[in-house]
Amino acid sequence: MGLLSNAAALLGKEVRTEFHSRELLSTTIVFVLIVVVLFSFTFDPTTNESHRFGPGLLWLAFLFAASLMLQSCFLREQANDTLSALRLAVSDPFAIFLAKIGANTLFLLMTELLMLPVFAALFNVSFRGRLPGILLTFFLGSLGISVAGTALAAISAQARMRELLLPLLLLPLLAPILVASTEVTVSLMAPEPFMQWKGIGFLAVFDVVFLTALWLFGEYLLEE
Amino acid sequence: MVAAAESSIGLRFEKVDKRYGAVYALRNLTLAIAPGECVALAGRNGSGKTTLLRIASCLTRPTRGTLSFSGVTENQNPRAGFVAHATMVYDELTAKENLVFFAKLLGVANRQQRVDNLLREVGLGERKDSLVRTFSRGMRQRVAIARALLADPSLLLFDEPATGLDPEATLWLTGHLAKLRDSGCTILMSLHGESEVARLATRAVRLDAGSVVADTRSGATFQSVFSFAGG
Numbered sequence: 005m006g007l008l009s010n011a012a013a014l015l016g017k018e019v020r021t022e023f024h025s026r027e028l029l030s031t032t033i034v035f036v037l038i039v040v041v042l043f044s045f046t047f048d049p050t051t052n053e054s055h056r057f058g059p060g061l062l063w064l065a066f067l068f069a070a071s072l073m074l075q076s077c078f079l080r081e082q083a084n085d086t087l088s089a090l091r092l093a094v095s096d097p098f099a100i101f102l103a104k105i106g107a108n109t110l111f112l113l114m115t116e117l118l119m120l121p122v123f124a125a126l127f128n129v130s131f132r133g134r135l136p137g138i139l140l141t142f143f144l145g146s147l148g149i150s151v152a153g154t155a156l157a158a159i160s161a162q163a164r165m166r167e168l169l170l171p172l173l174l175l176p177l178l179a180p181i182l183v184a185s186t187e188v189t190v191s192l193m194a195p196e197p198f199m200q201w202k203g204i205g206f207l208a209v210f211d212v213v214f215l216t217a218l219w220l221f222g223e224y225l226l227e228e
Numbered sequence: 013m014v015a016a017a018e019s020s021i022g023l024r025f026e027k028v029d030k031r032y033g034a035v036y037a038l039r040n041l042t043l044a045i046a047p048g049e050c051v052a053l054a055g056r057n058g059s060g061k062t063t064l065l066r067i068a069s070c071l072t073r074p075t076r077g078t079l080s081f082s083g084v085t086e087n088q089n090p091r092a093g094f095v096a097h098a099t100m101v102y103d104e105l106t107a108k109e110n111l112v113f114f115a116k117l118l119g120v121a122n123r124q125q126r127v128d129n130l131l132r133e134v135g136l137g138e139r140k141d142s143l144v145r146t147f148s149r150g151m152r153q154r155v156a157i158a159r160a161l162l163a164d165p166s167l168l169l170f171d172e173p174a175t176g177l178d179p180e181a182t183l184w185l186t187g188h189l190a191k192l193r194d195s196g197c198t199i200l201m202s203l204h205g206e207s208e209v210a211r212l213a214t215r216a217v218r219l220d221a222g223s224v225v226a227d228t229r230s231g232a233t234f235q236s237v238f239s240f241a242g243g
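Protein chains in written order, with the numbering used here: chain W, 5 to 228; chain Y, 13 to 243.
Structure follows, in structure tokens:
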């Protein structure tokens, strides 16, 4: 079985497991909702202020949510040592990473899309006519968070103090993603919106570089 | 349901050390297992049985020394069927979903039929659509055994396979392993004490402090390999 078919089977398992347990999505959605609502109380959400602070607050909420989501992606596999079963079954260990990245990106995007109307209502922002740009930014930003985060989750899952280690490693590493995604979203939410292609390019390069690194060295992260 | 092994796999551990920090789990262990042998590993807790099985499955690398396989053909899947202490199945999936998922990864042909047959054989035909988290320890062990047998592997590694199994399931397991052994499958299993399953072995090896201290192919002396305090 090839890499992509293995990854597709693993992704199907990730989705099925999540829809049976409903642990990850429900917790993440509730968490982001609380953060966005709390942020909306901290200042008067007039349109001007929303344009200035809104995207940063939104991406910060997504980042916190991602750190919650990523924590469990390899810890789940430790409960019954299912990671060993996966390593014995797949022909290329990169398939395990591809599936985890796919699932994390999918769950993060679902959370983001559910939060978008809530954010628009609370922060008095309209996304009309800007949706394709927003979706592209969300996708590239979420992919970057998932790629780097999945690699770090694999490292931290084998360490002591793993619950503390992941956020400690994750937040500094994802700072460039946070900055670039925020800048692109600010430009899309401006009164005269425009697409900041430099930021989009940066996000795409970040994703490709980390994905390549994971493809080259990912196998070592799964070893005991 | 037992397919003849395409060609049996042999293993050779050569001067293998496995260290966890300062503690040696295996120390200078040399052991050759011929293709088609059914080897019972005995030894106290912490003697290195589980580590040996994990190295044989290629899940763990030795700190020093080598493991080599013989008899692996180009088209043959050298990956082992492994039943470990942990069940290696997903609690959030049903028994059938678990097996279909692993069958997909392993590229098993006619997987729905294969999975249904295996589940029926291990006595879970009626509960195949129940979530594994609702199962008892013994039922989970049955799913774990079915998972290990999915791809008809030529090398089977069992870490105390009868854990949690009731007498009926132990009898089925013993019978099934006997068929696999007779078909040429190489079997390496760690056991606590002499049991029904131990009687299948064609060779018994006893480990102590990570080294082989007894090794016999004579059934008459098996008892001495398994008889030790603790277990």
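Even for Gly, the Cβ is constructed at its ideal location relative to N, Cα and C.
Give the secondary structure of residue 32(Y) by DSSP, where H, G and I count as helix, E and B as strand, and everything else as coil. Three-state DSSP puts residue 32(Y) in a strand.
Validate contact between the segment 151-170 of chain W and the segment 60-80 of chain W using beta carbons, cut 8 angstroms, 3 pairs: The segment 151-170 of chain W makes contact with the segment 60-80 of chain W: 3 or more CB pairs, one atom from each, lie closer than 8 angstroms.
If you pair each beta-carbon of the segment 179-187 of chain Y with each one of the segment 104-120 of chain Y, do three or more pairs fall below 8 angstroms? No contact exists between the segment 179-187 of chain Y and the segment 104-120 of chain Y.
Can you tell me whether residue 305(W) is buried or exposed? The criterion is at least 16 other CB atoms within 10 Å of its CB, across all chains shown. The requested residue 305(W) does not occur in the structure, where chain W is confined to residues 5 to 228.
For residue 148(Y), collect the residues of the same chain with a Cβ closer than 8 angstroms to its Cβ; drop the 5 residues on either side in sequence, then sort them by chain order. Apart from the 5 residues on each side of it in sequence, residue 148(Y) sits with its Cβ closer than 8 angstroms to the Cβ of 176 in its chain, given in chain order.
Counting pairs of beta carbons, one from the segment 35-48 of chain Y and one from the segment 120-132 of chain W, are three or more of them closer than 8 angstroms? Of all C-beta pairs linking the segment 35-48 of chain Y to the segment 120-132 of chain W, fewer than three are shorter than 8 angstroms, placing the two stretches out of contact.
Can you give the Cα-Cα distance for residue 45(Y) and residue 71(W), rounded to whole angstroms? Their Cα atoms are separated by approximately 46 angstroms.
DSSP on residue 211(W), reduced to helix/strand/coil? The answer is helix: DSSP assigns residue 211(W) an H, G or I state.
Output the distance between the C-alpha atoms of residue 118(Y) and residue 84(W), rounded to the nearest integer angstrom. Going by the C-alpha atoms only, they are around 19 angstroms apart.
Entirely enclosed alpha helix (DSSP H) segments - the segment 63-95 of chain W, minimum 4 residues: You should have 86-93.
Considering residue 202(Y), what are the terminal residues of the beta strand (DSSP E) in which it resides? Start and end: 198-202.
Using a cut-off of 7 angstroms between C-beta atoms, extract the partners of residue 69(Y) located in chain W. Under the 7 angstroms cutoff, chain W gives 92.
Hey, could you find the ends of the alpha helix (DSSP H) residue 141(W) is sitting in? Boundaries of the alpha helix (DSSP H) around residue 141(W): 135-161.
Starting from the C-beta of residue 55(Y), find all residues in its chain whose C-beta is less than 7 angstroms away, skip the five residues before and the five after it, and write them out in chain order. 61, 218, 219, 220.
Which residues in chain Y have a C-beta closer than 7 angstroms to the C-beta of residue 76(W)? List them in chain order. Result: empty, since nearest Cβ-Cβ is about 12 angstroms, beyond 7 angstroms.
Of all the CB atoms in chain W, is at least one closer than 9 angstroms to the CB of residue 116(Y)? The Cβ of residue 116(Y) sits closer than 9 angstroms to at least one Cβ of chain W.
State buried or exposed for residue 198(W), treating a residue as buried only when at least 16 other CB atoms are found within 10 Å of its CB. Counting Cβ neighbours within 10 Å, residue 198(W) comes out exposed, since fewer than 16 surround it.
List the residues of chain Y that residue 17(W) touches, going by C-beta distances under 7 angstroms, in chain order. By Cβ distance, chain Y contributes 113.
Just verifying my parser: in three-state terms, what is the DSSP assignment at residue 18(W)? Residue 18(W) falls in the helix class under three-state DSSP.
Which of the three DSSP states, helix, strand or coil, is assigned to residue 193(Y)? Three-state DSSP puts residue 193(Y) in a helix.
Would you call the segment 111-120 of chain W and the segment 125-144 of chain Y touching, i.e. three or more CB-CB distances under 8 angstroms? In the pairwise beta carbon analysis, the segment 111-120 of chain W is classified as not touching the segment 125-144 of chain Y: fewer than three pairs are separated by under 8 angstroms.
8 angstroms contact criterion, which residue 18(W) and residue 97(W) should meet: CB distance rounded: In this structure residue 18(W) does not touch residue 97(W) by the C-beta definition: roughly 16 angstroms separates them, more than the 8 angstroms allowed.
Can residue 185(W) and residue 207(W) be called in contact, C-beta distance under 9 angstroms? Closer than 9 angstroms, so yes.
Coil, strand or helix - residue 219(Y) by DSSP: In this structure, residue 219(Y) counts as strand in the three-state DSSP scheme.
I'd like the list of long-range same chain contacts for residue 90(W), defined as Cβ closer than 6 angstroms, with 5 residues on each side in sequence excluded. So the list reads 100, once near-sequence residues are dropped.
Can you name the residues that DSSP bridges to residue 25(Y)? Checking the DSSP bridge columns, you'll see residue 25(Y) partnered with 43(Y), 79(Y).
Taking Cβ-Cβ distances shorter than 7 angstroms, what residues in chain Y pair up with residue 85(W)? Per Cβ cutoff of 7 angstroms: 96, 98, 100.
At the level of alpha carbons, what is the spacing between residue 60(W) and residue 217(W)? The straight-line gap from Cα to Cα measures roughly 28 angstroms.
Mind checking if residue 159(Y) is an interface residue toward chain W, Cβ cutoff 9 angstroms exclusive? Closer than 9 angstroms to some Cβ of chain W, the Cβ of residue 159(Y) qualifies, so yes.
Cβ-Cβ separation, residue 160(Y) to residue 113(Y) (assumed contact under 8 angstroms), whole Å: Contact between residue 113(Y) and residue 160(Y) does not hold, since their C-beta atoms are separated by about 14 angstroms, which reaches or exceeds 8 angstroms.
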